[in-house]
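The numbering of the sequence shown is full-length UniProt numbering, which starts it at 1 and goes up by one.
First up is the structure itself, then whatever we jot down about it.
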Amino acid sequence: DDSHVVGGYANGEIRRWKIEDGQQHGPTMQAGSSVVDSVAVSKDGQWLVSGDRGSNAIVWNAVTHEKVHELTKHGNWVSGIDISSDSTKIASGDYGNARIFSIASGIQLLPVLPHARAFSVKFSPDGGQFATASDTHGFRVYSTHNG
Numbered sequence: 001d002d003s004h005v006v007g008g009y010a011n012g013e014i015r016r017w018k019i020e021d022g023q024q025h026g027p028t029m030q031a032g033s034s035v036v037d038s039v040a041v042s043k044d045g046q047w048l049v050s051g052d053r054g055s056n057a058i059v060w061n062a063v064t065h066e067k068v069h070e071l072t073k074h075g076n077w078v079s080g081i082d083i084s085s086d087s088t089k090i091a092s093g094d095y096g097n098a099r100i101f102s103i104a105s106g107i108q109l110l111p112v113l114p115h116a117r118a119f120s121v122k123f124s125p126d127g128g129q130f131a132t133a134s135d136t137h138g139f140r141v142y143s144t145h146n147g
């Protein structure tokens with residue numbers, strides 16, 4: 001929603017803040033001990049996903065701030081996370097690959113898609129595609145249905 005902002009921190013914490021008064025909203029979420037490099041909140045406000053340098057991507061209930069599930073261990077730190085506009089899929093990028101997961105089950109939906117240093121990921125508005133961007137290898141666009 002437009003009334004909160006979420007931040008990931010070097011100590012593995014994730015916090016949600018009210019924009020109106022700057023107060024923390026809900027408890028601090030602890031992803032682990034690694035730097036949290038990426039966070040995304042679903043448009044429906046139900047899900048939060050975090051990615052960290054410990055190679056973890058975690059799905060959280062954005063209302064209760066409870067951990068729902070950890071996604072398949074990534075090969076390197078998770079530097080990019082996005083949630084599709086219909087709140088059903090997660091795109092993640094790490095130091096060598098991109099992945100697509102079901103947000104509800106945490107199951108990986110496609111084989112690993114290679115892209116060196118995929119630091120950023122973003123779904124298309126209709127969720128049918130997603131793009132990865134790299135500081136050294138440009139960008140790529142993939143289908144969420146077949147890569």
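The beta carbon of each residue, even a glycine, is placed where N, CA and C say it ideally should be.
Since we're looking at a predicted model, the values are computed, not measured.
In the DSSP assignment, residue 57 falls within the beta strand (DSSP E) that extends over 57 to 61. Of the residues assessed, residue 134 falls on the buried side of the cut-off, its CB having 16 or more other CB atoms within 10 angstroms. Of the residues assessed, residue 12 falls on the buried side of the cut-off, its CB having 16 or more other CB atoms within 10 angstroms.
Non-local beta-carbon contacts of residue 57 in its own chain, meaning distances under 6 Å to residues more than five positions away in sequence, involve 51, 71, 78 and 92 in chain order.
Of the residues assessed, residue 139 falls on the exposed side of the cut-off, its CB having fewer than 16 other CB atoms within 10 angstroms.
Under the DSSP assignment, residue 44 falls outside any beta strand (DSSP E); it carries neither an H nor an E label. The Cβ atoms of residue 102 and residue 75 lie no closer than 8 Å to each other. Between residue 63 and the set 26, 106, 73 and 142, the nearest pair of CA atoms involves 26. Distance from the CA atom of residue 88 to the CA atom of residue 46, rounded to whole angstroms, is 11 Å.
Annotation: residue 68 to residue 61 spans about 6 Å, alpha carbon to alpha carbon. Rounded to the nearest angstrom, the Cβ distance from residue 82 to residue 121 is 5 Å, consistent with a contact under 8 Å. By the criterion of a C-beta distance shorter than 6 Å, residue 84 is surrounded in its chain by 123 and 127, once the five residues flanking it on both sides are discounted. In this structure, residue 6 lies away from residue 19, with their beta-carbon atoms at least 8 Å apart.
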